[in-house]
Structure formats: C-alpha cells, structure tokens
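Peer 1: This is the structure I have questions about; it appears just below.
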Amino acid sequence: MDSKYLLTKNSEIGFNSTNFATKRKAETVNLDMHVKNKFNYTLSTSRNIPPASKRNCIGQQSKSLPVFNCRQRILKEIEINDTVLIMSETGSGKTTQIPQFLLHAGYAKSSMICITQPRRVAAITVARRVAQELSSNIGDIVGYTVRFEDVTTKNTKIRYLTDGVLLRESIEDRLLLKYSVIILDEAHERTVNADLLFGIVKEAQKERSRKNIPNLKVVITSATMDIDHFGKYFKCKGLYLEGRTHPVRVMHAKEPHDDYVHAILVTLFHIHRTEPINHDVLIFLTGQDEIESLAQQIRKLAKINTNGPTNIRVYTLYAQLSHSMQLECFLPGPSNMRKVVLATNIAETSITIPGIRCVIDCGFVKEKFFNSVDGIDILKAVRISRAQAWQRTGRAGRDAPGVCYRAYTKSEMDSFLSSTQPEILRANPTSTVLQLLAMDIDCNNFDFLDAPLDEALISAYRSLDGLGAIEYGPISHITPLGRLMSQYPLDPKYSKLLTSASKFGCMEEILRLVSVLSSDNIFVSSNDKNELATLAHAKFHSKHGDHLTLLNVYNLFIKAEKPKVWCHDNFLNYRCLIYARNVCRQLSEISLRLGLTINSSENIESFKKCLLSGFFENVAILQKDGSYLTCSGHLKAKMHPSSVFHLKYKPKCILFTQMVQTDSNFLRQVTDVFIDWAKEVVPCLKNGIK
DNA sequence: GAGCACTGC
Numbered sequence: 001m002d003s004k005y006l007l008t009k010n011s012e013i014g015f016n017s018t019n020f021a022t023k024r025k026a027e028t029v030n031l032d033m034h035v036k037n038k039f040n041y042t043l044s045t046s047r048n049i050p051p052a053s054k055r056n057c058i059g060q061q062s063k064s065l066p067v068f069n070c071r072q073r074i075l076k077e078i079e080i081n082d083t084v085l086i087m088s089e090t091g092s093g094k095t096t097q098i099p100q101f102l103l104h105a106g107y108a109k110s111s112m113i114c115i116t117q118p119r120r121v122a123a124i125t126v127a128r129r130v131a132q133e134l135s136s137n138i139g140d141i142v143g144y145t146v147r148f149e150d151v152t153t154k155n156t157k158i159r160y161l162t163d164g165v166l167l168r169e170s171i172e173d174r175l176l177l178k179y180s181v182i183i184l185d186e187a188h189e190r191t192v193n194a195d196l197l198f199g200i201v202k203e204a205q206k207e208r209s210r211k212n213i214p215n216l217k218v219v220i221t222s223a224t225m226d227i228d229h230f231g232k233y234f235k236c237k238g239l240y241l242e243g244r245t246h247p248v249r250v251m252h253a254k255e256p257h258d259d260y261v262h263a264i265l266v267t268l269f270h271i272h273r274t275e276p277i278n279h280d281v282l283i284f285l286t287g288q289d290e291i292e293s294l295a296q297q298i299r300k301l302a303k304i305n306t307n308g309p310t311n312i313r314v315y316t317l318y319a320q321l322s323h324s325m326q327l328e329c330f331l332p333g334p335s336n337m338r339k340v341v342l343a344t345n346i347a348e349t350s351i352t353i354p355g356i357r358c359v360i361d362c363g364f365v366k367e368k369f370f371n372s373v374d375g376i377d378i379l380k381a382v383r384i385s386r387a388q389a390w391q392r393t394g395r396a397g398r399d400a401p402g403v404c405y406r407a408y409t410k411s412e413m414d415s416f417l418s419s420t421q422p423e424i425l426r427a428n429p430t431s432t433v434l435q436l437l438a439m440d441i442d443c444n445n446f447d448f449l450d451a452p453l454d455e456a457l458i459s460a461y462r463s464l465d466g467l468g469a470i471e472y473g474p475i476s477h478i479t480p481l482g483r484l485m486s487q488y489p490l491d492p493k494y495s496k497l498l499t500s501a502s503k504f505g506c507m508e509e510i511l512r513l514v515s516v517l518s519s520d521n522i523f524v525s526s527n528d529k530n531e532l533a534t535l536a537h538a539k540f541h542s543k544h545g546d547h548l549t550l551l552n553v554y555n556l557f558i559k560a561e562k563p564k565v566w567c568h569d570n571f572l573n574y575r576c577l578i579y580a581r582n583v584c585r586q587l588s589e590i591s592l593r594l595g596l597t598i599n600s601s602e603n604i605e606s607f608k609k610c611l612l613s614g615f616f617e618n619v620a621i622l623q624k625d626g627s628y629l630t631c632s633g634h635l636k637a638k639m640h641p642s643s644v645f646h647l648k649y650k651p652k653c654i655l656f657t658q659m660v661q662t663d664s665n666f667l668r669q670v671t672d673v674f675i676d677w678a679k680e681v682v683p684c685l686k687n688g689i690k
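For the first sequence, the UniProt record's numbering begins at 1 and goes up steadily by one.
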C-alpha cells in the first residue's frame, strides 16, 4: 500500500491456503454422478469479514466501534485538510460516528453536516439510529431527506440524505451553502449521482474559497478498492479504519464448469450433509427465473433425499417479489430446519439476512449497459468483479465465522475485473448531460472521476438536440425548454412528454402514464397462478396498446376502495402502484410550479401524438415475418412477451418506450400509431421516416 | 416463438 496512507493497523490480512477436497457419501444416484471430481473445491483463502453489530447498549457499543479509537486522528485530519478520504471495511462505525464527532467538535454551529447514502433505507435507518444515540427525536438535531420524505427542521444539524437528493439540491445551489461538511459515504459504489457529486463538491470548494465564503469540508468514505484513484482525483491523503471481522473460509471450484446451477445444487447438498443444521445458506444467482427454477429443484431433491419430513426450507429473494414474501426469510425458522435463501445481488448490500453462515456464489450478475451505437440498453449476465466476490463472501461472516463456496476457479477469478465498472461508464448519459447543462456545465469541461465515453456523450447530445432541450454545437447550450425539462426527475424523453402534454390537452393522462412507467413492472406474474394472472390482466387491456392499458390500471387503482385487496385480486403489485401515485403527486407539483396547465382529455389521437413528441425516435414498422424494424436505427426487434400485442393482432406501425436486448431485441410498452403523425408532431423528421 | 439485475431523483 502506498505510504501516503496512514494506517491505524497494517491492512494486510493473513491468507491461508490448504488443499481441500470434498468428501461426500452420495445419498442419491442423481448427485453421485457429478460428485466424483467435477465439483470438488479447493480451500483458497481465508480472511476476516466484519460481523453484525452486537445488540448491546448503544452507548457502550459506540465506544467499542473501531472508529472510536481514531476519533482524534480523524478530527485532526479534517481540521488540517479540506478533503479527507477514509477507507474502511464494514462494521467500523464510520457512518454513524463521524457525523457525531464533527457535531461535537463544533462543525455544525452555523450550517449543517450532511451524509449521503446510495439507498433510501440506509439513509432513514442510520438517521434514526444516530438520533437515538444522541437521545433526540428524529427530525430534531438529526434528520433525513429522501424522495417523498423530508424529516428535518430548522434545528437539524446532522442530515442524512440520498445522493440523488443532494444532487437535485446542488442544481439550485451549486455552492452547497447549507453545509459546512459533506460526507459522501460508500463512495466505492460509484453511483452516477455520487460520481457527479464528486465533481460538484470539488467545484463548490474552489468557488467558496475564491469568494471568501467559509470553506466546505468534504469527507469521502469508501471500501479499500480504488483508493489510489480517489486519492489522485481529490489530491488528498487517505486514512485507514479497521473493521470488525469474522473469518470466512473460501472454497473455489477445482475446475471450471458450464452449468453452475447444477454445481450449486450439488454444493448445497454437500453443505447440508456436512454443516450443522443451524448454519443457514445464502445462494447468489442472477435473476428471478433462475431463482424460482432452482428453488423448485431444491424442494424436490430435498424430499427425495430424506425419508421423513424435509429439513430444508427454501426462500427466494429478489426485488420484484412482494414485500411480505421478501420478509419471510427474516423470520426465525424451526430449529431442526436449514434455511436456504436464493437471492439476486439485492442480498449483497441492500438486505442483510441474519444467521447466514454459508454462501454459495455463482460468480455472475446481470448488468445493464448502454449501447450508444444503437441507442439501446442491453441487459446481460456478466462476470462479477473481484470486489463483488468479496462482498458476497462477506455475507457469510456477519454473525460468526463462515464459509463461502465459489462456483468458479481461483484462476477464473483472477481474470475478473478488480472492481465493478462505475455506472457512469455503462449507463445512458442523456439525463446526466441535461442535468449538468442545467447547471451551465458542459460535460466536456466537467471534472469527472471517470468521464463517460465520447460516443455515448455524442449520442446523448444528439438525442437532447432532437428533443429541443439543447442547441448542439461546438459549445452546446441549454434551451428554455431544456431548463423546464431538467426540473423533472425523469429521463429527458419523459420530461419532454410532460412539457408538451398541455398543448395536446392531456396533461393529467400523461402525468399518470409517466408515473406508472417510472415504477417497476406493476403486473405480478407467479409461476403457479400464471393463467389466473393473465386472465385478471386481460381486463385492463386496451386495443390501442400498452400505454393506455397501463393508464387503465392506474385509473382504476386510484378509484379502488380497498386498493391493497384490489391489487391482490387483480395480480398487481401494490407497492409499485403506491410508488407511482407518489411520483404522480411530485410530478404534478413540479408541473404547477413550472406554470404548466393540468388539463385532461379522452381524445386518444392527441394522447398518442403527445407520446410521439418525446418518442418519435422509437417508431417501428411491421415486417412480413411478424417482427418490427425500427425507423431510426433500422434494428430488427420482436414484440416483448409482456405486450398486449404479443401473439395477437400486430399493428403496422408502433411506438415503443423501451427496447431491451437479451437473446434478441424486444420492444416493451408499445402503442399503435400512424406514421404520418410523427411528421406532423415533429416537423424536422420529414426525411427521417419513410 | 417466449422475458424484466439493482438503485435513485
């Protein structure tokens, strides 16, 4: 490690390496075939992983946290330097304690200390905890602000917020004058919002010192990855904080194999035979389908493998799952049963399940990439990074020493990227470009930690120019329309719909539609009741397409007397619809503030024309073979199976709001339109569409 | 002929 980093304790952690071969007595012929040599594991490494905090008295606990020993050092560094980098493992207590150190050291006398978090739940729960530690009510000295919820008062000195909220604030106040200290927590997660904030706080520091405004202290906290990168960017020193750790034994597959699902199944039953029954297992997989199908296989095999009642209880965990189903894996099960949780990477950071002593990691994750050539998003399963592999491993050592089985070899892992590619390098940058221009910053001059790719930026500038949000040139300018659009927390295409809806007389309808489109899939599909669900959903279908279908659902939802029951009966996701309702309120408020008229109309033609005003690039024509060809990119695509048009009448010309690429291109959320309307709504298109 | 990882404003 570079000597410029001050280490409180040597960060080198001992690695053991011993050969390990699984010895199992196969209980079924099925499994035996594969046990012979293919899925043997070698013990690769062992390292300390932090435990969950012990549930003792809060005061005592704070003092036993590793961060407490470094209090003086941290305060000294912040006093001397404007920017301080703190690397730390989980469990150090930095998120709860550092703001309190700063408060007691007098940093919040005239302005606030703020701490950003990548996730809402984290911001809320940490704020509550710190309020409790300071024996104050939440919203008093300690408060939080997340979307739809502001729990702060004029007394608030420590404010927890999501990075998205701080970014929105910075558009209005680039110098961030409310704050004396800004702590950007979990910087290693590299969300787009955090990446933008890095540049914005740097700029605010410079401007404040130039204007003789009291300086802004910035604290960046991160896991140990990429610390050199951060150090160079912020031109500052790093401080190392130790975490509190339990050792986790790590086992690698001895040989690579193609079918990791099967390897995982074999490994699980090996664990089941050899590990104490109270050691619960967490399995990382890539998606809902994979999880549900493996869950069924495990249940089946568990029955075959035991004579009496089965002693494995399988739980599934992914974001689309209803809240009550998600909570099930938290409930303590019977003592003679092993809990097996099959999860996506939601269990990597967002959700911590107690009692997990074994982790099985498939080594893959689904990630979204923006293809700037075709202007589409691609979702594909890719290898995880080494940092991610360790994060998954750590989930076995939260409570006690654990074990992690990796369904990939040591040398396979050596070829993984060291850390996950920052989102800003993968995501569609259109919204980022507009946000920065709203702050009069051109992307080409912004001090990015990692700048988005040129071709992605060019595609974004072109797209914004097409929407009328900017005037694209050697120096691009934001237009008055672009300024209006930047006020909405939406993808610019959706903002465009809202800024043009009043003219088409259907603002209310567009507000509702955009709100539903902003939330996740509202239609619930379950394996066992799929036919019932399809039947229930058919009631909402509009012959015009998916957009009016979604609007039908939303309109009936807000009229329902018992919305929760209504959603359940109609196989709709209550959580998503409530979220949509909140978004709708927020968007309506913004629209009124911008002076837009909220009118309403049942004229379907103007509704569709309005859709075209934002999505004129997303038009596709039916081909002889039943597929579609997009007008702008000439890409071949199929109707997505979730569309009301799937397997039914196929309109000649359609507008789609999303194209996803998996095995082939799929058009999601489709509406029947006339090609001539596009030219009428967007005059400059004359030559763009045949 | 058959599909949607996870966040966030």
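Think of the CB as a built atom: it goes at the ideal place given N, C-alpha and C, for glycine as much as any other residue.
Which residues in the same chain as residue 101 place their Cβ atom closer than 8 Å to its Cβ, once the five residues preceding and following it in sequence are excluded?
Peer 2: These residues qualify, in order along the chain: 71, 74 and 75.
Peer 1: Are the stretch 220–231 and the stretch 78–97 touching, with three or more C-beta to C-beta distances below 8 Å?
Peer 2: Enough Cβ pairs lie closer than 8 Å, so yes.
Peer 1: Who are the near neighbours of residue 272 in its chain, counting only those whose CB is closer than 7 Å to its CB and skipping five residues on each side?
Peer 2: Cβ neighbours of residue 272 beyond the five flanking positions: 312 and 338.
Peer 1: Please go through the same chain and pick out, in chain order, the residues whose beta-carbon is closer than 6 Å to the beta-carbon of residue 243, but skip the five residues on each side of it.
Peer 2: 50, 89, 90, 91 and 92, listed in sequence order.
Peer 1: Just mark residue 393 as buried or exposed, buried being the case when its beta carbon has 16 or more other beta carbons within 10 Å.
Peer 2: When all chains shown are included, residue 393 counts as buried.
Peer 1: From residue 47 to residue 359, what distance separates their C-alpha atoms?
Peer 2: Any reading at residue 47 must be qualified, since the residue scores a pLDDT of 48, below 50, and its modelled position is unreliable; the value itself is stated next. So the alpha carbons of these two residues sit roughly 14 Å apart.
Peer 1: Mind checking residue 398: buried by the 16 CB within 10 Å criterion, or exposed?
Peer 2: Buried.
Peer 1: Count the other C-beta atoms from every protein chain shown that fall within 10 angstroms of the C-beta of residue 193, then say buried if there are 16 or more, exposed otherwise.
Peer 2: By the 10 Å Cβ count, residue 193 comes out buried.
Peer 1: Considering only the alpha carbon of each residue, which of 182, 147, 165 and 111 lies closest to residue 155?
Peer 2: The residue with the shortest Cα to Cα distance from residue 155 is 111.
Peer 1: Enumerate, from N- to C-terminal direction, the unbroken beta strand (DSSP E) stretches of 3 or more residues contained entirely within the stretch 118–198.
Peer 2: 142–146, 149–151, 158–162 and 179–184, all fully within the stretch 118–198.
Peer 1: Report yes or no: do three or more beta-carbon pairs, one from the stretch 505–523 and one from the stretch 597–608, lie closer than 8 Å?
Peer 2: As far as the Cβ criterion goes, the stretch 505–523 touches the stretch 597–608, which means the pair count is three or higher.
Peer 1: Report all residues from its chain with a CB closer than 8 Å to the CB of residue 413; omit the five preceding and five following residues, and keep chain order.
Peer 2: The residues are 252, 363, 386, 389 and 406.
Peer 1: Quick check on the burial criterion: 16 or more other C-beta atoms within 10 angstroms. Buried or exposed for residue 623?
Peer 2: Exposed is the call here.
Peer 1: Is residue 380 helix, strand or coil by DSSP?
Peer 2: Residue 380 falls in the strand class under three-state DSSP.
Peer 1: If we ignore side chains and look at the alpha-carbon of each, how far apart do residue 378 and residue 670 end up?
Peer 2: The straight-line gap from Cα to Cα measures roughly 18 Å.
Peer 1: Any idea if residue 544 is buried or exposed, counting beta-carbon neighbours within 10 angstroms, 16 or more meaning buried?
Peer 2: With 16 or more Cβ atoms within 10 Å of its Cβ, residue 544 is classed as buried.
Peer 1: May I have the straight-line CA-CA distance separating residue 523 from residue 575, to the nearest angstrom?
Peer 2: Between residue 523 and residue 575, the C-alpha separation is close to 11 Å.
Peer 1: Check this for me: beta carbons of residue 437 and residue 476, under 8 Å apart or not?
Peer 2: Contact: yes.
Peer 1: Is it a yes or a no for the stretch 574–593 touching the stretch 512–523, going by three-plus beta-carbon pairs under 8 Å?
Peer 2: Flag = yes, the stretch 574–593 and the stretch 512–523 touch.
Peer 1: Going by CA-CA distance only, name the one from 459, 640 and 658 that's closest to residue 650.
Peer 2: Closest option to residue 650, Cα to Cα, is 640.
Peer 1: Just to confirm, is the Cβ distance from residue 615 to residue 509 under 8 Å?
Peer 2: Their beta carbons are not under 8 Å apart, which means residue 615 does not touch residue 509 by this criterion.
Peer 1: Can you tell me whether residue 319 is buried or exposed? The criterion is at least 16 other CB atoms within 10 Å of its CB, across all chains shown.
Peer 2: When all chains shown are included, residue 319 counts as exposed.
Peer 1: Hey, residue 230 and residue 187 are a contact pair by Cβ (cut 8 Å); roughly how many whole angstroms apart?
Peer 2: That pair is a contact at about 7 Å.
Peer 1: Using only the alpha-carbon positions, how far apart do residue 448 and residue 631 sit?
Peer 2: If you take the alpha carbons of residue 448 and residue 631, they lie about 34 Å apart.
Peer 1: In or out: residue 249 buried (at least 16 other Cβ within 10 Å) or exposed?
Peer 2: By the neighbour-count rule (16 or more Cβ atoms within 10 Å), residue 249 is buried.
Peer 1: Going along the chain, which unbroken runs of the alpha helix (DSSP H) with 4 or more residues stay wholly within the stretch 404–443?
Peer 2: If we require 4 residues or more, the alpha helix (DSSP H) runs fully inside the stretch 404–443 come out as 410–414, 423–426 and 430–438.
Peer 1: Hey, quick one: how far does the alpha helix (DSSP H) through residue 391 stretch, first residue to last?
Peer 2: Residues 386–394.
Peer 1: For residue 83 and residue 521, I'd like the C-alpha separation in whole angstroms.
Peer 2: Going by the C-alpha atoms only, they are around 42 Å apart.
Peer 1: Excluding sequence positions up to five away, which residues of its chain have a Cβ less than 7 Å from the Cβ of residue 620?
Peer 2: Contacts found: 628, 629, 630, 631, 637, 654, 656 and 667.
Peer 1: May I ask you to report which of helix, strand or coil DSSP gives residue 237?
Peer 2: Note: residue 237 maps to coil in three-state DSSP.
Peer 1: Using CA atoms only, rank isn't needed, just tell me which of 491, 183, 211 and 361 is closest to residue 96.
Peer 2: For residue 96, the nearest C-alpha among the options comes from 183.
Peer 1: Cβ of residue 295 within 8 Å of Cβ of residue 342?
Peer 2: For residue 295 and residue 342, yes; Cβs fall inside 8 Å.
Peer 1: Based on Cα-Cα distance, which residue from 199, 665 and 633 lies nearest to residue 442?
Peer 2: Checking every option, the nearest Cα to that of residue 442 belongs to 199.
Peer 1: Would you mind listing the beta strand (DSSP E) stretches within the stretch 602–634 that are 3+ residues and don't spill past its ends, in chain order?
Peer 2: Correct list: 619–622 and 628–630.
Peer 1: Any chance you could list the alpha helix (DSSP H) runs of at least 4 consecutive residues sitting entirely within the stretch 459–532, in chain order?
Peer 2: With a minimum length of 4 residues, the continuous alpha helix (DSSP H) runs that stay inside the stretch 459–532 are 480–486, 492–504 and 507–518.
Peer 1: Would you tell me roughly how many angstroms separate the C-alpha atoms of residue 396 and residue 534, rounded to the nearest one?
Peer 2: For residue 396 and residue 534, the distance between alpha carbons rounds to 39 Å.
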